[in-house]
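First comes the structure, then the notes that go with it.
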Amino acid sequence: MTTQIFKLSHEQRDRLLQEVGNLLKERGVLQQSVREQQAKTTTANEELFLELLEVVDTLEFLLNYVANHEPSPQSWERLPKSLASIEKKLLMILERRQVNSIDFSATQPDFTLCRVVDREVRSDLENQTITKVVRRGFRLGNKLLRPIEVITSKTS
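When we follow this note's numbering, the leftmost residue of the sequence shown carries the number 8, and every step to the right adds one.
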């Protein structure tokens with residue numbers, strides 16, 4: 008194996024050293040930026056986990072209550088309210104992260120927002136009329152995260 012020797016002028020050497028120095032500085036800045044981004048991500052994840060643990064605590068309380076108490080008509084009456092409270096907490100957690108439920112009240116599916124998951128024969132309705140919303144849809148900012156899942160009518 009032969010070794011090649013390159014001869015550089017003082018100007019070329021100085022320019023090369025300056026460029027290497029600039030690249031090393033840029034690498035340091037990028038490494039610092041990555042560390043800062045990782046710290047932000049870790050903090051955001053920890054906040055999310057703590058919020059979710061609050062919901063888990065609420066569910067655990069309800070499960071323990073149901074397991075350790077005789078069901079009474081009053082506790083059955085309160086159950087929908089308790090479950091609605093848990094749903095509200097979860098939706099608030101999502102909203103804080105720009106995940107929002109899609110408001111949709113049209114009778115015909117908008118295929119940019121809806122996915123038809125089933126069809127049912129309904130002679131009393133116009134074809135493609137939404138008969139039921141199976142699952143709500145959600146957006147993450149302006150991006151469709153999950154479409155609204157609907158059942159639509161068909162004439163035959």
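Glycine included, every Cβ here is placed at the ideal spot set by N, Cα and C.
Just so you know, these numbers come straight off a predicted model, no measurement behind them.
Extent of the continuous beta strand (DSSP E) run through residue i
i, result
"GLN152", "It is worth fixing the name first, because residue 152 is Leu in this sequence and not Gln. Note, LEU152: beta strand (DSSP E), 150 to 153."
"LEU31", "No beta strand (DSSP E) contains LEU31, which is instead part of the alpha helix (DSSP H) from 17 to 75."
"SER82", "Unbroken run through SER82 is the alpha helix (DSSP H), 80 to 102; no beta strand (DSSP E)."
"ASN107", "106 to 108"
"ARG126", "121 to 128"
"THR138", "137 to 142"
"LEU147", "145 to 147"
Exposure label - residue i; buried when at least 16 CB within 10 Å
i, result
"SER160", "buried"
"PRO154", "buried"
"GLY28", "exposed"
"ILE137", "buried"
"GLY144", "buried"
Beta-carbon proximity check, residue i vs residue j, cutoff 8 Å
i, j, result
"VAL106", "LEU70", "no"
"LYS158", "GLU127", "Note that residue 158 is Ile in the sequence shown here, rather than Lys. In this structure, GLU127 lies closer than 8 Å to ILE158 by Cβ."
"LEU98", "SER82", "no"
"ARG122", "GLU67", "no"
"SER65", "LYS96", "Position check: residue 65 holds Thr in this sequence, whereas Ser was assumed. In contact: THR65 and LYS96 (Cβ atoms closer than 8 Å)."
"ILE100", "LEU59", "yes"
"THR162", "SER130", "yes"
"VAL62", "ILE93", "yes"
"VAL124", "VAL140", "no"
"VAL30", "LEU23", "Checking the sequence shown, residue 30 turns out to be Leu, not Val. No, the Cβ-Cβ distance between LEU30 and LEU23 is not below 8 Å."
>> If contact is defined by three or more beta carbon pairs under 8 Å, each pair taking one atom from either stretch, is the segment 81 to 88 in contact with the segment 115 to 134?
In response: The segment 81 to 88 and the segment 115 to 134 do not touch, with fewer than three beta-carbon pairs separated by less than 8 Å.
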